[in-house]
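See below for the structure under consideration.
Residue numbers (our numbering): -3 to 51.
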């Protein structure tokens, strides 16, 4: 999988474009929501993951 363009914060649904991503492990390493301050990578999903969750 290629690096996502952005992640969506599950707390406030704001997209975050600044993050650290490990392509070798296909894993989000660090991110911080500029709107609500959430910084736990588990609280962020890609747009496709959010769509799957909502369906």
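Note that CB positions come from ideal geometry on N, CA and C, so glycine has one too. Just so it is clear, the structure is predicted and the values come from calculations on it, not from any experiment.
Run of the beta strand (DSSP E) containing residue i, from where it starts to where it stops
i: residue 26; result: 23 to 27
i: residue 16; result: 15 to 18
i: residue 5; result: 3 to 5
Assigned exposure category for residue i - 16 Cβ within 10 Å defines buried
i: residue 34; result: buried
i: residue 25; result: exposed
i: residue 32; result: exposed
Through-space distance from residue j to residue i, alpha-carbon basis
i: residue 45; j: residue 10; result: 14 Å
i: residue 37; j: residue 2; result: 12 Å
i: residue 27; j: residue 51; result: 26 Å
Option in the options with minimal Cα separation from residue i
i: residue 29; options: 21, 39 and 22; result: 39
Boundaries of the alpha helix (DSSP H) in which residue i is found, first to last residue
i: residue 44; result: 43 to 50
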